[in-house]
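A.B. asks: Would you mind keeping the following structure in view while I ask a few things?
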């Protein structure tokens, strides 16, 4: 035996222990002997052994009882039972030994070489499993790091940039994903949206994804974006993909450029699932007609170019919502292994057009599909919504043209929260001319958001999150404040708000669990007339209704 083995021998007969010492004297091993079970157990707790040579007949505590105690300390330590007992016709002795997959049997009439072979066999398997477990732990740590790197490369879950509002849900099939997504504000006021899907999933696809994400950012920073069109982006990506990444894989993608000043869209689809338009005016969701145009997946034909005539252009309404997704969404399966019915998905999206509040559609859609039973992913999933910022949509019912909605994406810093809360207060004051109502809205948001910051800053920073706050004036006498955040399960336990029938129970629960701010959340009880808490695939929606003492408008 070339490797050094640490061996423990346990037998209540001194002759057997001396015999084992003699057999292993000249071998490359360290042998520790014990004549009873309790001493053996103490040795195992004190030091690492590679194998235990164990007699079955040990007195008060036999070998099988000692094995149970050993398994509490080391579930996989090899045990070789040495016994001269005769087995019965039913092989019950061998069966008891074999009940444990890390136990072996050797008759006490063994030859020296037989003992050496049995020890080497048992220890080799044990050490190989230890090395494999160590490797997988290391791999798991690397996958965790790769997951965090991907999060850094991706945008925040919500983008509020001028006249654009976008949210997305990104769910790798296993830790890391081959889906690439980015939103880039162009110099001419337009917004470039890219969604790509590397074929396959896992580490290889994730490496491709990281390269594509990095390339998009570098290209945006190093080139003029004023004349950028979808086919130009595709040609640049194709060159990078085929030349720098050797073109050994391929990627479907869609490149869309939104101009919300003119409500105009130009895009090109390179073998990707269709772009979906959700129209409130028509009350339905439908695939945007590409008129037979479009390109091929990047990587299929390295020498071919993407052409301007394959770009698709269309106009849209102010309140239209566009949905982009990777095919992992429609590959979701239910228990019968049926995939998502695309007509059902379109019906759900069409029904969402009736929503008057700002609720991120990707989370709402995936939550609904999960409720229906599509809970088993077979591929990475990414769902993106792009819409016009509601602040930029003119409201015909306001004669003076004043906007009745305000949105802010707030980073988890106390100073940022204070600044935005003041803005919301001024907004309510200016629209309602009700100073008392504005003060109540400001106090409510300050208390709630500062508690989120205090208890969840570490979690949110890690996942590059933020909080979307929407304040909507609803004449004649109320304000609706909606807070959308992405807390982890652990963080949510700290700020868990159940959904009872009345607000008082909600605030009692909050006040019990969050009292470190001095006032806790008790102040909200005197401000909010109602509270609603909902959860959609990791997104938490909290709605507060604050009523004025008297109507400010008829």
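Numbering (the working numbering), first residue to last: 8 to 561. Each residue gets a CB set at the ideal place from its N, CA and C atoms; glycine is no exception. Only a predicted model underlies this, so the values are computations on that prediction, with no experimental measurement involved.
(1) On the CB-based measure, 16 or more other CB atoms within 10 Å of its CB, does residue 275 come out buried or exposed?
(2) Under a three-way DSSP split, which group does residue 58 fall into?
(3) Please list, in chain order, all residues of the same chain as residue 247 whose beta carbon is under 7 angstroms from its beta carbon, the five residues on each side excluded.
(4) Give the secondary structure of residue 260 by DSSP, where H, G and I count as helix, E and B as strand, and everything else as coil.
(5) Name the one or two DSSP bridge partners that residue 271 has.
(6) Evaluate contact between the region 333-346 and the region 287-304, counting only Cβ atoms and requiring at least three cross-stretch pairs below 8 angstroms.
(7) By a C-beta neighbour count over all protein chains shown, 10 Å radius and 16 as the cutoff for buried, is residue 319 buried or exposed?
(8) How would you call residue 238, buried or exposed, if buried means at least 16 neighbouring beta carbons within 10 angstroms?
(9) Assign residue 114 to buried or exposed, taking buried as 16 or more other Cβ atoms, counted over all protein chains shown, within 10 Å of its Cβ.
(10) Since residue 48 and residue 73 should fall inside the 8 angstroms C-beta cutoff, what is the C-beta to C-beta distance between them, to a whole number of angstroms?
(11) With C-beta atoms as the reference, is residue 394 less than 7 angstroms away from residue 328?
(12) Smallest Cα separation from residue 280: which of 389, 325, 198 and 211?
(13) Among the residues of its own chain, which have a CB less than 6 angstroms from the CB of residue 558, if the five just before and after it don't count?
(14) When the Cα of residue 562 is compared with those of 268, 212, 211 and 317, which residue comes out closest?
(15) Once the 5 residues before and after residue 380 are set aside, which same chain residues still bring their CB inside 8 angstroms of it?
(16) Between residue 80 and the rest of its own chain, which residues show a CB-CB distance below 8 angstroms, the 5 nearest in sequence each way excluded?
(17) Among 323, 440 and 335, whose alpha-carbon lies nearest the alpha-carbon of residue 181?
(18) Taking the CB atoms as reference points, tell me whether residue 86 and residue 102 lie closer together than 7 angstroms.
(19) Quick check on residue 551: does DSSP put it in helix, strand or coil?
(20) To which residues of the same chain is residue 555 closer than 6 angstroms at the C-beta, ignoring the five residues directly before and after it?
(21) Can you tell me where the alpha helix (DSSP H) with residue 168 in it begins and where it stops?
(22) Apply the 10 Å Cβ neighbour rule to residue 116 and answer buried if 16 or more other Cβ atoms are within range, or exposed otherwise.
(23) For residue 261 and residue 434, I'd like the C-alpha separation in whole angstroms.
(24) Looking at the structure shown, is residue 238 part of a helix, part of a strand, or coil, going by DSSP?
(25) Whose C-beta lies closer than 8 angstroms to the C-beta of residue 163 among residues of the same chain, with five residues either side of it excluded?
(26) Using the three-state DSSP reduction, which class does residue 368 fall into: helix, strand or coil?
(27) Grab me the residues of residue 377's own chain with a C-beta within less than 8 angstroms of its C-beta, minus the 5 sequence neighbours each way, in chain order.
(28) By Cβ distance, which residues of its chain are closer than 8 angstroms to residue 451, with the 5 residues on each side in sequence left out?
(29) Under the rule that 16 or more other beta-carbon atoms within 10 Å means buried, what is residue 44, buried or exposed?
(30) Please classify residue 351 as buried or exposed, where buried requires at least 16 neighbouring CB atoms within 10 angstroms.
(31) Roughly how many angstroms separate the alpha carbons of residue 204 and residue 549, rounded to a whole number?
(32) On a CA-only basis, which of 160, 475 and 112 is nearest residue 224? Give me that one, please.
(33) Which of the three DSSP states, helix, strand or coil, is assigned to residue 205?
(34) Where does residue 466 fall in DSSP's three states?
(35) Apart from the five residues just before and just after residue 21, which ones in its own chain have a Cβ nearer than 6 angstroms to its Cβ?
(36) Could you compute how far the alpha carbon of residue 266 sits from the alpha carbon of residue 197?
C.D. replies: Short version:
(1) buried
(2) Of the three classes helix, strand and coil, the one that applies to residue 58 here is strand, per DSSP.
(3) 222
(4) strand
(5) 266 and 322
(6) no
(7) buried
(8) buried
(9) exposed
(10) The Cβ separation is near 7 angstroms, so the contact holds.
(11) yes
(12) 389
(13) 483 and 484
(14) Any answer about residue 562 is impossible in this case: the structure gives the chain only from 8 up to 561.
(15) Closer than 8 angstroms at the Cβ level, and outside the excluded window around residue 380, lie 341 and 342.
(16) 48, 51 and 52
(17) 335
(18) no
(19) Looking at residue 551 - three-state DSSP - the assignment turns out to be strand.
(20) 441, 444 and 484.
(21) Looking at the DSSP string, residue 168 is not in any alpha helix (DSSP H); the run it does join, the beta strand (DSSP E), is 165-168.
(22) exposed
(23) 38 angstroms
(24) Three-state result, residue 238: helix.
(25) 416, 471, 472 and 473
(26) helix
(27) Around residue 377, the same chain offers 544 as residues with beta carbons nearer than 8 angstroms, after the five sequence neighbours per side are excluded.
(28) 488, 530, 531, 534, 535, 551 and 553
(29) That one is buried.
(30) exposed
(31) 33 angstroms
(32) 160
(33) strand
(34) Any reading at residue 466 is ruled out, since the residue's pLDDT is 49, under 50, leaving its predicted position unreliable.
(35) Cβ neighbours of residue 21 beyond the five flanking positions: none.
(36) About 5 angstroms.
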